[in-house]
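In order, the protein sequence lines correspond to chains L and F.
Here the numbering used here is used: the first residue of the first sequence is 1, the next is one more, and so on.
Here the numbering used here is used: the first residue of the second sequence is 636, the next is one more, and so on.
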Amino acid sequence: MRFALVGQPNCGKSTLFNQVAGYRAETGNFAGTTVTFTETRLRILGDIVELVDLPGTYTLLGTNPAERVVLDYLITKPVDAIVNVIDATHLVQGLALTLELMELGRPIVLAINMMDEASRQGLKIDGEALGNLLCIPVLPMIASRGQGIRETFTETWKVAREKTVASVLPFKPEIESSIDQIKGILAMGEFPVSRRALAIKLLEGDPELTSRLGGEYKNLIDKVQEQLDTLCHQSSRQAVWLIATERQRIAHDLQNKVTTQGKAYLSIRDRLDDYLLHPFWGYVFLLLIISAFFEIVYGIGHLLEGPLLNFFNNLSALVLSQLDSTSLFSQLAAGAIQGISGGVAIVLPYLIPFLVGLGFLEDIGYLTRIAFLMDALMHRMGLHGKAIVPFILGYGCSVPAVMSTRIMEDKRDRFLSAALATMIPCAARLSIIFGLVAFYLGPWPAVGIFFYNLVIITITGRIISSFMPEDSPGLIIEMPVYRIPTLRTVTAKAWFRVREFIFEAWPVLIVGSIVLAGMNFFSITPWLDKFFRPFTWALGMPSAVGTPLIFGIFRKELSLLMLAQAFGTTDFIHVLSPEQMIVFTVFVVFYIPCLATMVTIKNELGWKNMALISSLSLLVALIAALALRLLFLVF
Amino acid sequence: MNILEIENGRWVKVLDFQDGLGIEAQLSQMGFLPGNKIRVIRSAPFKGPLLIEVEGREIVLGRGIARKILVEYL
Numbered sequence: 001m002r003f004a005l006v007g008q009p010n011c012g013k014s015t016l017f018n019q020v021a022g023y024r025a026e027t028g029n030f031a032g033t034t035v036t037f038t039e040t041r042l043r044i045l046g047d048i049v050e051l052v053d054l055p056g057t058y059t060l061l062g063t064n065p066a067e068r069v070v071l072d073y074l075i076t077k078p079v080d081a082i083v084n085v086i087d088a089t090h091l092v093q094g095l096a097l098t099l100e101l102m103e104l105g106r107p108i109v110l111a112i113n114m115m116d117e118a119s120r121q122g123l124k125i126d127g128e129a130l131g132n133l134l135c136i137p138v139l140p141m142i143a144s145r146g147q148g149i150r151e152t153f154t155e156t157w158k159v160a161r162e163k164t165v166a167s168v169l170p171f172k173p174e175i176e177s178s179i180d181q182i183k184g185i186l187a188m189g190e191f192p193v194s195r196r197a198l199a200i201k202l203l204e205g206d207p208e209l210t211s212r213l214g215g216e217y218k219n220l221i222d223k224v225q226e227q228l229d230t231l232c233h234q235s236s237r238q239a240v241w242l243i244a245t246e247r248q249r250i251a252h253d254l255q256n257k258v259t260t261q262g263k264a265y266l267s268i269r270d271r272l273d274d275y276l277l278h279p280f281w282g283y284v285f286l287l288l289i290i291s292a293f294f295e296i297v298y299g300i301g302h303l304l305e306g307p308l309l310n311f312f313n314n315l316s317a318l319v320l321s322q323l324d325s326t327s328l329f330s331q332l333a334a335g336a337i338q339g340i341s342g343g344v345a346i347v348l349p350y351l352i353p354f355l356v357g358l359g360f361l362e363d364i365g366y367l368t369r370i371a372f373l374m375d376a377l378m379h380r381m382g383l384h385g386k387a388i389v390p391f392i393l394g395y396g397c398s399v400p401a402v403m404s405t406r407i408m409e410d411k412r413d414r415f416l417s418a419a420l421a422t423m424i425p426c427a428a429r430l431s432i433i434f435g436l437v438a439f440y441l442g443p444w445p446a447v448g449i450f451f452y453n454l455v456i457i458t459i460t461g462r463i464i465s466s467f468m469p470e471d472s473p474g475l476i477i478e479m480p481v482y483r484i485p486t487l488r489t490v491t492a493k494a495w496f497r498v499r500e501f502i503f504e505a506w507p508v509l510i511v512g513s514i515v516l517a518g519m520n521f522f523s524i525t526p527w528l529d530k531f532f533r534p535f536t537w538a539l540g541m542p543s544a545v546g547t548p549l550i551f552g553i554f555r556k557e558l559s560l561l562m563l564a565q566a567f568g569t570t571d572f573i574h575v576l577s578p579e580q581m582i583v584f585t586v587f588v589v590f591y592i593p594c595l596a597t598m599v600t601i602k603n604e605l606g607w608k609n610m611a612l613i614s615s616l617s618l619l620v621a622l623i624a625a626l627a628l629r630l631l632f633l634v635f
Numbered sequence: 636m637n638i639l640e641i642e643n644g645r646w647v648k649v650l651d652f653q654d655g656l657g658i659e660a661q662l663s664q665m666g667f668l669p670g671n672k673i674r675v676i677r678s679a680p681f682k683g684p685l686l687i688e689v690e691g692r693e694i695v696l697g698r699g700i701a702r703k704i705l706v707e708y709l
């Protein structure tokens with residue numbers, strides 16, 4: 001048996017899913033899209049049930065990729081029952097989707113989630129009465145506390161077993177007659193969903209269904225057009241609005257019949273936006289919250305990084321001393337240890353707190369608030385407010401930054417924000433800015449580099465957007481109410497992303513380190529320096545800088561360590577002039593994202609975009625570094 | 636009159652959308668249906684987006700979109 005979880009964004013569907021699935025869930029992509037779904041197996045009354053968590057969707061209109069896949073999934077896949085989750089505090093909107101789902105003619109159960117939130121607002125919902133009106137099982141639920149979950153799945157199992165199909169609540173007569181006319185043409189066919197649902201989708205102008213069914217049934221397209229004209233003539237409104245208005249009317253009726261509004265208990269939560277979205281204080285709080293976020297993440301990361309690095313350094317020293325340290329094998333082993341330690345000691349200590357923190361901010365509802373506050377500024381780079389998230393994360397590590405571009409629906413927005421976010425100096429690159437520029441030249445040149453970095457990113461964003469104009473008309477997102485996140489949802493979400501790093505990016509890092517050790521063993525470095533000479537020459541660097549730059553592709557902070565090895569000293573002031581230090585640092589900050597980031601970009605956006613972003617960053621690095629060098633030559 | 640021209644906090648009724656928006660379906664699913672009551676709760680500084688209450692939900696709308704939604708005071 002297979003159940004599908006369907007609901008609108010912010011209805012608590014993922015909370016429900018994580019309550020039953022936890023860490024056993026599998027994530028996957030819908031073929032040909034970046035839209036992901038999660039899946040798990042449950043045992044209900046002795047049966048094994050596959051539970052699919054479909055992406056949150058307001059309607060089944062197919063106006064964005066997420067809606068499209070939900071609609072296609074429900075139409076084409078063998079789903080035995082639909083578990084529809086709605087938010088008790090937004091009953092009308094939720095029920096509009098429920099009505100749409102009921103049209104499909106599949107067994108369905110309605111779970112009214114967040115009953116605690118509703119009673120806090122003084123809203124009483126008579127689930128039983130609603131169930132009688134809709135003729136489907138309706139169950140109250142508080143998913144965050146695990147209440148009502150077992151009952152919901154037991155009921156779902158029952159309707160799936162008995163194949164109970166809900167009857168439909170009729171629209172107004174004009175629309176019903178149009179639906180009947182179209183159903184007439186489809187009368188002969190066998191469909192996985194009801195003919196009524198198909199007729200409604202055709203009236204709503206679904207392009208895919210129109211072309212698919214239009215090819216099979218002649219007269220169908222003409223008939224649909226004729227009905228659309230009739231409806232438009234009668235009411236001077238498009239059919240898609242008429243139908244949406246009808247669903248809303250029915251949903252309103254239902255709400256009026258089953259709810260009573262009592263006294264609301266408003267709390268501090270309802271006043272919070274007066275401060276957090278305030279035109280002045282909102283930005284102060286934003287700064288405070290982001291700083292606190294970084295303090296905590298860096299604090300935890302830093303605490304773990306030192307001892308872990310020590311451990312691995314001792315380990316590799318031990319390996320080298322036990323084996324013949326000049327042999328190829330021991331060098332390769334040391335390389336492998338370096339790769340492993342890169343993941344365990346350098347990436348994971350920051351990545352895990354970052355992802356947990358991000359999930360926390362997301363579930364509490366603050367990320368949308370950041371988008372609201374920053375939208376106007378981000379538009380200057382050709383992006384909208386949501387893109388601020390990868391930028392903020394970029395200061396920690398580019399890997400979660402690239403992963404977080406998922407919150408944007410538009411492909412172009414994802415590409416641009418990933419490209420720009422990888423140019424934000426991550427912790428590893430910060431260590432170079434601090435270790436080289438701030439240490440030798442003082443804090444102000446370091447601040448200058450941060451500022452220069454933002455200027456270059458803004459210019460790059462503007463240039464790219466002039467080639468790829470913004471095609472999304474602007475923000476339309478729901479502002480979620482503040483909620484206390486459940487630990488389980490936050491950690492499960494973080495685990496999914498950490499798992500991707502561990503199984504996909506990390507192995508590449510380890511293999512890369514082994515290859516690098518081999519290259520070192522066979523003294524290929526002079527060749528590398530020669531190969532890189534055009535770059536180092538153009539930047540006015542000694543040729544020995546070439547190899548450290550190659551190493552930097554594997555792990556950015558290696559650039560600095562290898563620089564010390566290449567020069568045979570850590571006292572850089574004797575081998576590099578202040579200008580050279582600044583140009584070197586600027587180049588390192590921008591050029592080619594590290595290997596782990598590249599693999600993440602490949603997973604998120606594909607090979608082509610990874611190559612594109614990498615070459616773009618190299619180009620930007622060259623231009624940014626050369627511009628500075630010229631500036632130094634002139635002044 | 637469009638949404639950008641109304642006072643913050645005052646309730647208005649949605650009349651129509653200007654042509655060429657291409658996201659009528661997306662707006663209607665957020666509750667922007669002709670006849671529905673909406674109000675601007677607050678607007679972000681620097682010509683940022685608007686926060687709009689519609690059918691009990693709060694929706695963030697960019698100015699480009701808000702300009703094309705025609706409304707009238709109740």
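Quick reminder that beta carbons are idealized off the backbone N, C-alpha and C, glycines included.
Three-state secondary structure (DSSP) of residue i
| i | result |
| --- | --- |
| G32/L | Here the model assigns G32/L a pLDDT of 49, short of 50, so the residue's position is not dependable, and the following value carries that caveat. Residue state, collapsed to three classes: coil. |
| R237/L | coil |
| P140/L | strand |
| Y366/L | helix |
| K172/L | coil |
| A4/L | strand |
| L576/L | coil |
| L42/L | strand |
| Y283/L | helix |
| A611/L | helix |
| I484/L | coil |
| N637/F | strand |
| N113/L | strand |
| V20/L | helix |
| I524/L | coil |
| L277/L | coil |
| V165/L | coil |
| H252/L | helix |
Bridge-paired residues (DSSP) for residue i
| i | result |
| --- | --- |
| R646/F | Residue 646/F is actually Trp in this sequence, not Arg. Per DSSP, R674/F. |
| Q261/L | L123/L |
| E478/L | I694/F |
| L51/L | F3/L and T40/L |
| I704/F | F652/F |
| E688/F | R674/F and E693/F |
| Q147/L | I142/L |
| I108/L | I82/L |
8 Å Cβ cutoff, residue i in contact with chain B
| i | result |
| --- | --- |
| L231/L | Absent from the structure: chain B. Protein chains present are L and F. |
Q: Take every Cβ of the region 98-107 of chain L, pair it with every Cβ of the region 184-199 of chain L, and state whether three or more of those distances are shorter than 8 Å.
A: yes
Q | Stretch pair the region 437-450 of chain L + the region 598-609 of chain L: three plus CB contacts closer than 8 Å | A | no
Q: Kindly provide the ranges of any alpha helix (DSSP H) runs that are 4 or more residues long and lie completely inside the region 327-379 of chain L, ordered along the chain.
A: 328-341, 348-364 and 366-378
**Q.** Three CB pairs or more closer than 8 Å across the region 170-188 of chain L and the region 220-230 of chain L
**A.** yes
Q | Residues within the region 87-101 of chain L neighbouring chain F, beta-carbon criterion of under 9 Å | A | T89, H90, L91, V92, Q93, A96 and L97
Q: Flag this pair as touching only if the region 450-468 of chain L and the region 557-567 of chain L have three or more C-beta atom pairs under 8 Å; answer yes or no.
A: no
Q: Scan the region 175-225 of chain L and note each continuous alpha helix (DSSP H) run of 4 residues or more that stays entirely inside, going in chain order.
A: 195-203 and 207-216
Q: At 4 residues or longer, and completely inside the region 62-106 of chain L: list those alpha helix (DSSP H) runs for me, N to C.
A: 65-76 and 91-103
Q: Name, going along the chain, the residues of the region 692-704 of chain F whose beta-carbon falls closer than 9 Å to a beta-carbon of chain L.
A: R692, E693, I694, V695, L696, G697, R698, G699, I700, A701 and K703
Q.
Taking beta-carbon pairs under 7 Å, can you tell me which members of the region 474-499 of chain L lie near chain F?
A. G474, L475, I476, I477, E478 and M479
**Q.** Interfacial residues, the region 43-71 of chain L to chain F, with Cβ spacing under 8 Å
**A.** Y58, T59, L61, T63 and N64
(Q) Taking beta-carbon pairs under 7 Å, can you tell me which members of the region 277-300 of chain L lie near chain F? (A) L277 and P279
Q. Touch check for the region 489-496 of chain L and the region 365-379 of chain L: three-plus C-beta pairs under 8 Å?
A. no
Q: Can you give me, in chain order, the residues of the region 224-257 of chain L that have a beta carbon less than 8 Å from any beta carbon in chain F?
A: R237, Q238, V240, W241, A244, T245 and Q248
Q. Does the count of Cβ pairs from the region 317-335 of chain L and the region 478-487 of chain L closer than 8 Å reach three?
A. no
Q) How about the region 687-702 of chain F and the region 659-672 of chain F: do they share at least three Cβ pairs that are nearer than 8 Å? A) yes
Q. Is it true that the region 588-595 of chain L meets the region 419-431 of chain L, where meeting means three or more beta-carbon pairs spaced less than 8 Å apart?
A. yes
Q. What residues in the region 529-545 of chain L have a beta carbon less than 9 Å from any beta carbon of chain F?
A. none
Q: Residues of the region 359-370 of chain L with a CB closer than 8 Å to any CB of chain F: list them in chain order, please.
A: T368
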